[in-house]
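Novice: Going down the list, the sequences are from chains A and B. Residues in the first sequence are numbered consecutively from 1, following the numbering used here. Residues in the second sequence are numbered consecutively from 1, following the numbering used here.
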Amino acid sequence: MDILITGLLLGGTYALIAMGLNLQYGMARIMNLANGEFLVAGGFAAFWFYTAAQVSPLLTIFIVAPLAFGLNWLIYVVMLRPLVKRAKSHGQLEVDAILTTFGLAFVSVGIMLALFGGDYFSYSYLARPITLIGDTYGLNRVTAAVAAVIICGGLWLWLNRTRAGMSIRAIAVDPKSARLVGIDVPKLSALAFALGGAVTAVGGALISTFLTLDASTGVMFTLKALVIVIMGGVGDVRGTIVAALLLGILETFVATLIDPGLTLAAAYLLFVLILLFRPQGLFGRRTT
Amino acid sequence: MSLTKRDWQSITLSAVLLAVAACLPLTGDAYMLSIGITIAMYAVLATSWALFSGPTHYISLATAAFFGLGTYTTAIGIENGLNYWVTLPIAAILGAVLAALVGLATLRLSGVYFVIFTLGLAELVRQVVTWGQNVSGQKGLYVLTDITEVHIYWQLLVLAAIVYLTGWAIGRSRLGFALRIIGDDEEVARHSGINTSRAKILLFMVSGATAAVVGSMLAPRYIYIEPALAFTPMLSFLVVIMALLGGTGRLWGPLVGVIPFTLLWEAISASFPNQTTLLLGLSFLVIVYLLPRGFVGLIESGKRKMREREAFA
């Protein structure tokens, strides 16, 4: 039972991170392999504000989000838009985007290593026990999961209930046809990309309250987020959340019962099963 | 299969270059030999990487997984009393099997899944090996052989020759032709009756087997092997950068990237060991924005300009 709840709590935070990536890959059509680095940067910001000025990570996210939004918007407009324009086919854009964001990932790791060094960093925030249904959990994990649920819910409402959200979902379905109904595809793609980066960075700030991070762990989170997005179906918000919770539970299960060093192997197991049996995602329909 | 005069010229030229390269140990300089081994190793890895990723544009980030698999095969084999030479073909077979499994799971689908899967493959195998060692209570492995650096270097050169011959033969075969069509437009390839998955998986197996053999050959150099060393993800990224920097459009392209980049990398790691990640990132950006077709592209557009100028003169 406590495996299940710990897994759900972890999965809630994963959902937020994967949502960020889904906005970037599903909506803006850029496979962003530097996603995890923004997560780590968000975590660094939370760590820094907390140790330097005792600012609660829950407040730091209001600083992290606009910063990450601006930075990701700049990255999209300056670096990625030229690639979108130059690409002759979707495949070529994919290869270019992968190489570029991979390069960006290494550059950010390099910068973070230079600024903060290669040490692990962690701080103790809300590290008090809390009792849920007879078992005790860290209050920080519960807080992070609750915050993640609130943000995910807000995003879901925004995507489903507003005009901008609907336009972005239209781009996710078909960027070419979206232009025909008067949607400003370049502008909204940049918006979706920037928003995705902001969401991921906020997820990083939340996750840093209970996980130890270091400058080069970003790629592990990118991988997990990718597995979640593919499992949930690209561009599918509901699927992403379900997949994130599944991964959280499975990972906690493997870490508790077999070996904590095998978390990636757990993610890969899910990945392979999805690729073999449901490559269109959990709730996806097979495209013809 | 008949050879034209041009073919004979390039074969002779390659043989002469190979013979010159084989003379490097005669200088007796240990540092030169060590750089030579590194260059030969990356040349084989990058060329075999480009055999698959060049025509198909599927970026494989799994070189380290195959390399580590080979290293461990040799280490475990020798520890259990196998002859070193027997472990090489075993490593090749295991590499091909792993590549086939990865290919069967991912290559039938879009290219992104393949990239993501290969990105984590080395880490996955490393976690599993580390776990296996924790369970069996064993930390690392010693590889004690009487193979010297010179032997490793010559072995790598022989392997390089085999890879070039294979690549050249594939380029002339139906398989190579099919792959070029897949790279241009996979839809078209499928409609013209090419079994695209089979072609891609076959070539990925060649590439994986080669990387595994390189790993086995280098096992004696390390002497002591542990997962973090054998499965270092940096290797995969370096191979991708070197191959793309040189250009994957020609068989000799990766080599043009390997030599300067290895020297640059050695120099940077020696004087600024903390900035290597930054350099790696910047190299990716340079390739995408400035050298999308690598040095080969530069050379060829330079040649074309020369020819045009001659035509107008």
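Glycine included, C-beta positions come from ideal geometry on N, C-alpha and C. Nothing here was measured: the structure is a model prediction, and the numbers come from that model.
Considering only residues of the same chain and omitting the five flanking positions on each side of Ile90(B), which have a CB-CB separation below 6 Å?
Specialist: Taking the first residue of the second sequence as position 1, residue 90(B) is located at position 90. So the qualifying residues of the chain are Thr73.
Novice: Using the rule of at least 16 other Cβ atoms within 10 Å of the residue's Cβ for burial, across every protein chain shown, is Val234(A) buried or exposed?
Specialist: The residue given as residue 234(A) occupies position 234 in the first sequence. Classification for Val234(A): buried.
Novice: Would you call the CB atoms of Val256(B) and Val296(B) closer than 8 Å?
Specialist: Numbered from 1 along the second sequence, position 256 holds the residue referred to as residue 256(B). Numbered from 1 along the second sequence, position 296 holds the residue referred to as residue 296(B). Yes, these two residues count as a Cβ contact at 8 Å.
Novice: Given a cut-off of 8 Å on the beta-carbon distance, is the pair Ala211(B) and Ser48(B) in contact?
Specialist: If you number the second sequence from 1, residue 211(B) lands on position 211. If you number the second sequence from 1, residue 48(B) lands on position 48. Against a cut-off of 8 Å, the Cβ pair of Ser48(B) and Ala211(B) comes out as a contact.
Novice: Tell me Thr136(A)'s beta-bridge partners as DSSP assigns them.
Specialist: Working through the first sequence from its first residue, we reach residue 136(A) at position 136. DSSP lists Thr131(A) as partners of Thr136(A).
Novice: Find out if the Cβ-Cβ distance for the pair Thr277(B), Ala50(B) is shorter than 8 Å.
Specialist: If you number the second sequence from 1, residue 277(B) lands on position 277. If you number the second sequence from 1, residue 50(B) lands on position 50. Not closer than 8 Å, so no.
Novice: Judging by CA-CA distance, which residue of Gly117(A), Val78(A) and Val229(A) is the nearest neighbour of Thr101(A)?
Specialist: In the first sequence, residue 101(A) corresponds to position 101, counting from 1. When each option's Cα is compared against that of Thr101(A), the closest is Val78(A).
Novice: In three-state terms, what does DSSP make of Leu107(B)?
Specialist: Translated into the one-based positions of the second sequence, residue 107(B) becomes position 107. Residue state, collapsed to three classes: coil.
Novice: According to DSSP, Ile75(A) sits in a beta bridge with which residue or residues?
Specialist: For the purposes of this step, residue 75(A) is identified with residue 75 of the first sequence, where counting begins at 1. None; Ile75(A) has no bridge partner.
Novice: In chain A, which residues lie with their C-beta within 9 Å of the C-beta of Ala105(B)?
Specialist: Here the question's residue 105(B) lines up with position 105 in the second sequence. Within chain A, the residues near Ala105(B) are Phe271, Val272, Leu275 and Leu276.
Novice: Grab the span of the alpha helix (DSSP H) containing Arg300(A) for me, first residue to last.
Specialist: No answer is possible for residue 300(A): the residues shown for chain A start at 1 and end at 288.
Novice: Any idea which residues DSSP pairs Ile225(B) with across the strands?
Specialist: The count along the second sequence starts at 1 and reaches residue 225(B) at position 225. For Ile225(B), which the question treats as bridged, DSSP gives the partners Leu141(B).
Novice: Helix, strand or coil: which one does DSSP assign to Leu251(B)?
Specialist: Position 251 of the second sequence, counted from the start, is the residue given in the question as residue 251(B). Coil at Leu251(B), not helix or strand.
Novice: Could you tell me which of Phe312(B), Ala40(B), Ala92(B) and Val188(B) sits nearest to Thr262(B), measuring between CA atoms?
Specialist: Translated into positions along the second sequence, residue 262(B) becomes position 262. Taking only the C-alpha atoms, the option nearest Thr262(B) is Ala40(B).
Novice: Count the other CB atoms, across all protein chains shown, that sit within 10 Å of the CB of Asn195(B); report buried if there are 16 or more and exposed otherwise.
Specialist: Locating residue 195(B) in the second sequence gives position 195, where the first residue counts as 1. Classification of Asn195(B): exposed, given that the 10 Å Cβ count is below 16.
Novice: Measure from the C-beta of Phe284(B) to each C-beta in chain A and report whether the shortest distance is under 8 Å.
Specialist: Here residue 284(B) refers to the residue found at position 284 when the second sequence is read from its first residue. Judged by the 8 Å Cβ criterion, Phe284(B) is in contact with chain A.
Novice: Could you check if Trp265(B) is buried or exposed, using at least 16 other CB atoms within 10 Å of its CB as the buried criterion?
Specialist: For the purposes of this step, residue 265(B) is identified with residue 265 of the second sequence, where counting begins at 1. Buried.
Novice: If we define contact as Cβ-Cβ less than 8 Å, is Asp259(A) a contact residue for chain B?
Specialist: The residue given as residue 259(A) occupies position 259 in the first sequence. Closer than 8 Å to some Cβ of chain B, the Cβ of Asp259(A) qualifies, so yes.
Novice: How about Val107(A): is its C-beta nearer than 8 Å to some C-beta of chain B?
Specialist: Counting from 1 along the first sequence, the entry for residue 107(A) is found at position 107. So, interface residue.
Novice: Hey, how far is the Cα of Ser136(B) from the Cα of Asn83(B)?
Specialist: The count along the second sequence starts at 1 and reaches residue 136(B) at position 136. The count along the second sequence starts at 1 and reaches residue 83(B) at position 83. C-alpha separation (whole angstroms): 24 Å.
Novice: So, are the CB atoms of Leu262(A) and Trp131(B) less than 8 Å apart?
Specialist: Numbered from 1 along the first sequence, position 262 holds the residue referred to as residue 262(A). Numbered from 1 along the second sequence, position 131 holds the residue referred to as residue 131(B). In this structure, Trp131(B) lies closer than 8 Å to Leu262(A) by Cβ.
Novice: Hey, does Gly103(A) have any beta-carbon neighbour from chain B nearer than 8 Å?
Specialist: In the first sequence, counting from the first residue as 1, residue 103(A) sits at position 103. It does: the Cβ of Gly103(A) has a partner Cβ on chain B nearer than 8 Å.
Novice: Assuming Ile59(B) and Val219(A) are in contact, meaning their beta carbons sit under 8 Å apart, how far apart are those beta carbons, in whole angstroms?
Specialist: Position 59 of the second sequence, counting from 1, holds the residue named residue 59(B). Position 219 of the first sequence, counting from 1, holds the residue named residue 219(A). 15 Å between Cβ atoms; not a contact.
Novice: I need the DSSP call for Phe210(A), collapsed to helix, strand or coil.
Specialist: Here residue 210(A) refers to the residue found at position 210 when the first sequence is read from its first residue. Three-state DSSP puts Phe210(A) in coil, outside helix and strand.
Novice: If we cut at 8 Å on Cβ distances, does Glu94(A) have a partner in chain B?
Specialist: Translated into positions along the first sequence, residue 94(A) becomes position 94. Closer than 8 Å to some Cβ of chain B, the Cβ of Glu94(A) qualifies, so yes.
Novice: Given Ile171(A), which residues of its chain have a CB within under 7 Å of its CB, disregarding the five upstream and five downstream residues?
Specialist: Within the first sequence, the letter at position 171 stands for residue 171(A). Only Met27, Ala178, Ile183, Val185, Leu188 and Ser189 meet the Cβ criterion.
Novice: What residues in its chain sit with their C-beta under 7 Å from that of Ser216(A), if we drop five residues either side in the sequence?
Specialist: Residue mapping note: residue 216(A) aligns to position 216 of the first sequence, counting from 1. For Ser216(A), where only same-chain residues beyond five positions count, the Cβ hits under 7 Å are Val109.
Novice: Of all the CB atoms in chain A, is at least one closer than 8 Å to the CB of Val296(B)?
Specialist: Walking along the second sequence from the start, residue 296(B) turns up at place 296. Taking Cβ atoms only, chain A never reaches closer than 8 Å to Val296(B), which makes this a no.
Novice: Using three-state DSSP, classify Phe69(A) as helix, strand or coil.
Specialist: Locating residue 69(A) in the first sequence gives position 69, counting from the first residue. Reduced to three states, the DSSP call for Phe69(A) is helix.
Novice: How do the segment 247-267 of chain A and the segment 200-209 of chain A stand: do at least 3 beta-carbon pairs fall below 8 Å, yes or no?
Specialist: No, because fewer than three Cβ pairs between the segment 247-267 of chain A and the segment 200-209 of chain A fall closer than 8 Å, the two stretches do not touch.
Novice: Looking at chain B, which residues of the segment 29-52 of chain A have a Cβ within less than 7 Å of any of its Cβ atoms?
Specialist: Per Cβ criterion, the list reads Met31.
Novice: Using 7 Å as the cut-off, classify the Cβ of Ala219(B) as near or not near the heavy atoms of the ligand ADP, replying yes or no.
Specialist: Of the ligands one can find in the structure shown there are none, so the ligand ADP has no counterpart to examine.
Novice: Mind reading off the beta-carbon distance from Leu238(B) to Tyr42(B)? Whole number of angstroms is fine, and I expect it under 8 Å.
Specialist: On the second sequence, position 238 is the one that residue 238(B) refers to. On the second sequence, position 42 is the one that residue 42(B) refers to. Rounded, the Cβ-Cβ distance is 7 Å, consistent with contact.
Novice: Just to confirm my understanding: we take Gly7(A), look at its own chain, exclude 5 residues before and 5 after, and list those with CB closer than 8 Å. What are they?
Specialist: Residue mapping note: residue 7(A) aligns to position 7 of the first sequence, counting from 1. Result list for Gly7(A): Leu245, Gly248, Ile249, Leu250, Glu251, Thr252 and Phe253, in chain order.
Novice: Where DSSP assigns a beta bridge to Arg121(A), which residues make up the other side?
Specialist: Within the first sequence, the letter at position 121 stands for residue 121(A). With the sequence shown as reference, residue 121(A) is identified as Phe, and Arg is not the correct amino acid for it. Phe121(A) is bridged to Leu213(A).
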